[in-house]
Every structure is written in C-alpha cells, then in structure tokens.
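Participant:
2 protein chains.
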Amino acid sequence: MVPEPRQAGLNILAFDVFGTVVDWRGSVARETRELCLARGLNINAEKFADAWRNGYAPAMDRVRKGLLPWMKIDQLHRLILDEIIPEFGLESLLEPDRQYLNGCWHRLAPWPDSVDGLTRLKRRFTITTLSNGNFSLLTNMAKNAGLPWDCIVSAELFKHYKPDPETYLGLANLLDVNPEEVMLVASHPSDLRAAKAQGLKTAYVRRPLEMGEGSPLPEVFSGEFDWAVDDFNDLADQLKK
Amino acid sequence: MVPEPRQAGLNILAFDVFGTVVDWRGSVARETRELCLARGLNINAEKFADAWRNGYAPAMDRVRKGLLPWMKIDQLHRLILDEIIPEFGLESLLEPDRQYLNGCWHRLAPWPDSVDGLTRLKRRFTITTLSNGNFSLLTNMAKNAGLPWDCIVSAELFKHYKPDPETYLGLANLLDVNPEEVMLVASHPSDLRAAKAQGLKTAYVRRPLEMGEGSPLPEVFSGEFDWAVDDFNDLADQLKK
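Protein chains in written order, with full-length UniProt numbering: chain C, 1 to 241; chain A, 1 to 241.
#1: Fully enclosed by the region 10 to 90 of chain A, which alpha helix (DSSP H) runs are 4 residues long or longer?
#2: Can you look up W105 of chain A in the DSSP assignment and give me helix, strand or coil?
#3: Classify F48 of chain A: buried if its beta carbon has 16 or more other beta carbons within 10 angstroms, exposed otherwise.
#4: So the alpha helix (DSSP H) V229 of chain C belongs to, where does it begin and stop?
#5: To the nearest angstrom, how far is it from the Cα of H160 of chain C to the Cα of A195 of chain C?
#6: Any Cβ of chain C within less than 8 Å of the Cβ of L119 of chain A?
#7: Is there a Cβ of chain C sitting closer than 8 Å to that of L174 of chain A, yes or no?
#8: Does the beta-carbon of F221 of chain A have 16 or more other beta-carbons within 10 angstroms, so that it is buried, or is it exposed?
#9: Alpha carbon to alpha carbon, how far is G146 of chain C from A109 of chain C?
#10: Relative to the C-alpha of P96 of chain A, which residue among A:A45, A:R39, A:A51 is closest?
#11: Assess, as a yes-or-no matter, whether the region 204 to 222 of chain A is touched by the region 161 to 180 of chain A under the definition of 3 or more beta carbon pairs within less than 8 Å.
#12: Under 7 Å Cβ to Cβ from I85 of chain A, same chain only, skipping five residues before and after it: list those, please.
#13: So G19 of chain C and R207 of chain C are supposed to be a Cβ contact under 8 Å. How far apart are they, rounded?
#14: Within 10 Å of its beta-carbon, does W70 of chain A have 16 or more other beta-carbons around it, so buried, or fewer, so exposed?
#15: Counting C-beta neighbours from all protein chains within 10 Å, is the total for G133 of chain A 16 or more, i.e. buried, or is it exposed?
#16: Please name the residue, chosen from A:L184, A:A142, A:K143, that lies closest to K162 of chain A on a Cα-to-Cα basis.
#17: Is any beta-carbon of chain A found at less than 8 Å from that of A145 of chain C?
#18: CB L130 of chain C to CB E31 of chain C, shorter than 8 Å?
#19: What whole-angstrom Cβ distance do A59 of chain C and L79 of chain C have, given they're in contact under 8 Å?
#20: Would you call L138 of chain A buried or exposed, if buried means 16 or more other Cβ atoms sit within 10 Å of its Cβ?
#21: Quick check: the Cα distance between E46 of chain C and S187 of chain C, rounded to an integer number of angstroms?
#22: Mapping the DSSP letters down to three states, classify S222 of chain C as helix, strand or coil.
#23: For V205 of chain A and D231 of chain A, I'd like the C-alpha separation in whole angstroms.
#24: Quick one: does I152 of chain C have its CB under 8 Å from some CB of chain A?
#25: CB K241 of chain A to CB R124 of chain A, shorter than 8 Å?
#26: When the cut-off is 8 Å and only beta carbons count, does S114 of chain C lie next to chain A?
#27: Taking only the alpha-carbon atoms, compute the straight-line gap between W52 of chain A and D150 of chain C and give it to the nearest angstrom.
#28: If you measure from the beta carbon of F135 of chain C to each beta carbon in chain A, is any gap under 8 Å?
#29: Within the region 145 to 189 of chain C, note down every full alpha helix (DSSP H) run reaching 4 residues or more, in order along the chain.
#30: Please return the same chain residues whose Cβ sits closer than 8 Å to the Cβ of N144 of chain A, not counting the five positions on each side in sequence.
#31: Using a Cβ-Cβ cut-off of 8 Å, state whether A14 of chain A counts as contacting chain C.
#32: From the DSSP output, in three-state form, read off P110 of chain C for me.
#33: Could you pull the DSSP bridge partners for T202 of chain C from this structure?
#34: Since I believe I152 of chain C is in contact with L13 of chain C (beta carbons under 8 Å), could you give me their beta-carbon distance rounded to a whole number of angstroms?
#35: Measure the alpha-carbon distance for G103 of chain C versus A236 of chain C and round it to whole angstroms.
#36: For the putative contact between V182 of chain C and W111 of chain C, defined by C-beta atoms under 8 Å, what is the C-beta separation to the nearest angstrom?
Pasting the structure below:
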C-alpha cells in the first residue's frame, strides 16, 4: 500500500498489424479467389492482393498532400479496389460483392504464433495495435482472429498515417507514457526507423512469408533495432516473459 | 463465402464505467483509508470519496465553459484532490502520496458480476467502454481488474465529455455503425437520456450500492429505456446471450 515510484523502462508494446500480426497477402488472396470462383471469374489472386496493397502508400500520400480529404483506410482500400478491378477484368462484380471484398481486410488471419505470443507478452506488458487500419477494422479483426489486445490504437485517432511522427507520439500521449516506455514491434524497417526517430524502442520481426514464399526479407542493419526476432514467441523468450 | 448482408439490429454494447462497471466509491474510500492509516491521518474515507466525486461535474463544466482548457480526467481529478485536501486536513500528504492517490481511479474494483457478465456479453456483441475516464485510465483499469473489453473508447478521443452528443455519435462513427446499432449500458439516467436523444439504444443497470448502502436509486420512468436490469448477468439473460 505504500506508494511505489512508477516503474521505469518498457511498459507498452505497440504492434504494427498488416504483415506483422496478420497475413494480409494470404488472406486477401484466399478471399478474392473464393469470391471469384463463386462468380465464375478467373483471377491471379496473389497478384491481385499485391496490386491492392501497392495502391496503399500512394493513396495515403494523396491524403498527405491534400489531394484527398482525410479518410479511413476502409475508404482508401475501396478507392484502390475500384481502380484495380478493371485491370483484373472483374467489372462484373456487383456492389454487394465489392463491399464484401473490401471488408476482407477486417478478416485477415493471424500468423501461427500471433495469438500465443501476444497472450504471453500481455502478462507483463500493455499490448496495443498501432496501425494505419481504421479503428473499426482493427476492432473487428481482433474479435474475428482472437487477438488479445489491451486496447486498440489506430492512426485514425490522430488523423495522421504512419510513419508520420504524430502517430508514435500520439500513442505515447494517449497512454500517458514517455516515448522510450513504448516499443514498436513491426516487420517493416521504415516503420521502425520512424518510431526510433521519435524515441520509441524497436523490435524487428522477421516475417519471411509476408510477400509470399521465396521473397527476400527487407534489409536491416546489424544493431539498428533494439531487438530482432523470428516471431512473437521469440520476442517473449528474448524479453524473458 | 457468399456475401451476407450486414446484420441489422444491435451490434455494440457501450458501457459507462464509473459506477456502472466499477465501484468507484468503495474503491476510492478503501485506498484513501489505507493511505491515511499509513500516514497517521484520520479520515472519513467515504465522505472524502463523495467530495472528490462531487467536484467532478462542476470541473467538467468549467472546461465546457472555456474556464479551463481541455484536460484528461486524471488532471481534473488532481485539481479536485488539491481543492479538497485542506477541507479534510490532509495537507501533510506529500507529492508522491498525492500522485499515488490520484492514480486510485485507475485501480477501481469491478462489481461482483462485471467480469462474468461482460465475458458472456462479449460472445455476441462488441463490448466497449464509453467513459469520461481518460484512455490510459480505462486501459490500466481493464488490465488491473480483468475487464475483457474489445476496445477502449474514451471521451478523450472526442475532446468532449459525456453527456455531450459528440461522445455518443463519435463512438458510432469510430465503430462505423449507425447509432441505433449501439446500446449504452449505464447506471445513470442522465447519461442514458443523452444517448437516447442521439438515437442509441439504452439499458439501465440498477447499482444500489454505488452511493453506499441505503442510498436511494435514481428515479427512472417506466419504459423510459429499452432494458432495465439488476446487473450484467441479468442483461445477458434478458438479451438471451
């Protein structure tokens, strides 16, 4: 009962989601393939998933430059979907199918270690998302996939997409901690570098299947990040949790 | 795999927290009593808890009127604490004790039915907070008390306190649902009336011990709210979950 000083050190683990926690490429391809099969359409589903994802950074840039108003990722995904549908010859997909397909980003499947590893890490740390996915997307995904977050934090709350500094600092402010009490866990070096520049700790997770089997891992410099791990159980092991 | 239309009806249960989910009065009184005992101070701990809570609505009003800048409830709680400390003869409490005591609002204990009832309701609904408590307070409280929220929503996200309409509508917007797909669950009629005015469904929870044993329940008109329940298990029963 005697007041204790606040525990210094690491308190919050903030996770990038698309690619780091869930297999967006495999999940989007699977749903696309199934829908096209049901509608009698041919599709290279992995190529379609890649095209959809490739439209994402340029679409966020259009918002940053003021060419588009602020919008949720659901809306950006839909803009991109409507752009690539003609490229893949899917014009016959009707509005309900397009809405349903756009929702596949709410239903992405976790990597095999994600739920177990997060459950272990949650015993010691506050675990949260820090994703460009909108708040409802991340909430629905967690419920669907059984991801045991302590809270949902989305770039939507800050009206800034990662890697804008407002997202990393906004999360620290929301949780009332100093940036160095937060560690970003991500499979993308650009995200980690931006977090590090704002004073957050960083853990790089190798996700060799994110871009499909046989694709190269991103280049990371030795010692660039505080931790480099193979998956979330490895992170729990290395943090001795 | 064939697209299904979105399920109409009720999808989100949003819970008021102080008094509805947790016993703020009993918890604040207990921590205050223990701290004062350790410091050799006499205290009427329940009266102290009431005085602290009674400062809360006027403090929010000062923010609404622009007499104070927007601030987190942690900061409002601290302002009120410093105001009532002389009234209770606690001037000898030093800064670390005051900080610690202010944090007691992060450590409030749930009512006996809260965790079980929420766990049942979570199977069917997305369950979230909708509280004036700041985001970190609600996150810490959930971790401490084992409250199984799907997500944390705080008035802090909207820079408006309940019962301002921005809070109820902001939650619906964040979760991408229509107001009528959300039900506010609360033990305070004023909160429920404000939610109803914005189109939300409402469930009134009787919490006869919120203000201490023997205190009267607030006045509620017959049929005023969609549901009236004795606790969260009763709500789950009545919703047949």
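Heads up, the beta-carbon is just placed ideally off N, CA and C, and yes, glycines get one too.
Facilitator: From the atom records:
#1: 24 to 38, 45 to 54, 56 to 64, 73 to 84
#2: helix
#3: buried
#4: For V229 of chain C, there is no enclosing alpha helix (DSSP H); the enclosing beta strand (DSSP E) covers residues 227 to 229.
#5: Distance between the alpha carbons of H160 of chain C and A195 of chain C: 14 Å.
#6: Note that residue 119 of chain A is Thr in the sequence shown here, rather than Leu. For T119 of chain A, the answer is no, since every Cβ of chain C falls outside 8 Å of its Cβ.
#7: yes
#8: exposed
#9: 10 Å
#10: A:R39
#11: Put simply, the region 161 to 180 of chain A does not touch the region 204 to 222 of chain A. Fewer than three CB pairs are less than 8 Å apart.
#12: E91, L93
#13: 6 Å
#14: exposed
#15: buried
#16: A:L184
#17: Using beta-carbon distances, A145 of chain C does not count as an interface residue toward chain A, since no partner is under 8 Å.
#18: no
#19: 6 Å
#20: Buried is the label assigned to L138 of chain A, since at least 16 other Cβ atoms lie within 10 Å of its Cβ.
#21: 20 Å
#22: coil
#23: 6 Å
#24: It does: the Cβ of I152 of chain C has a partner Cβ on chain A nearer than 8 Å.
#25: yes
#26: no
#27: Annotation: W52 of chain A to D150 of chain C spans about 28 Å, alpha carbon to alpha carbon.
#28: yes
#29: 165 to 174
#30: H106, R107
#31: It does not; no Cβ of chain C falls within 8 Å.
#32: strand
#33: For T202 of chain C, the pairing in a beta bridge is given by DSSP as C:L184.
#34: 14 Å between Cβ atoms; not a contact.
#35: 32 Å
#36: At roughly 22 Å, the Cβ-Cβ gap does not stay under 8 Å, so V182 of chain C and W111 of chain C are not in contact.
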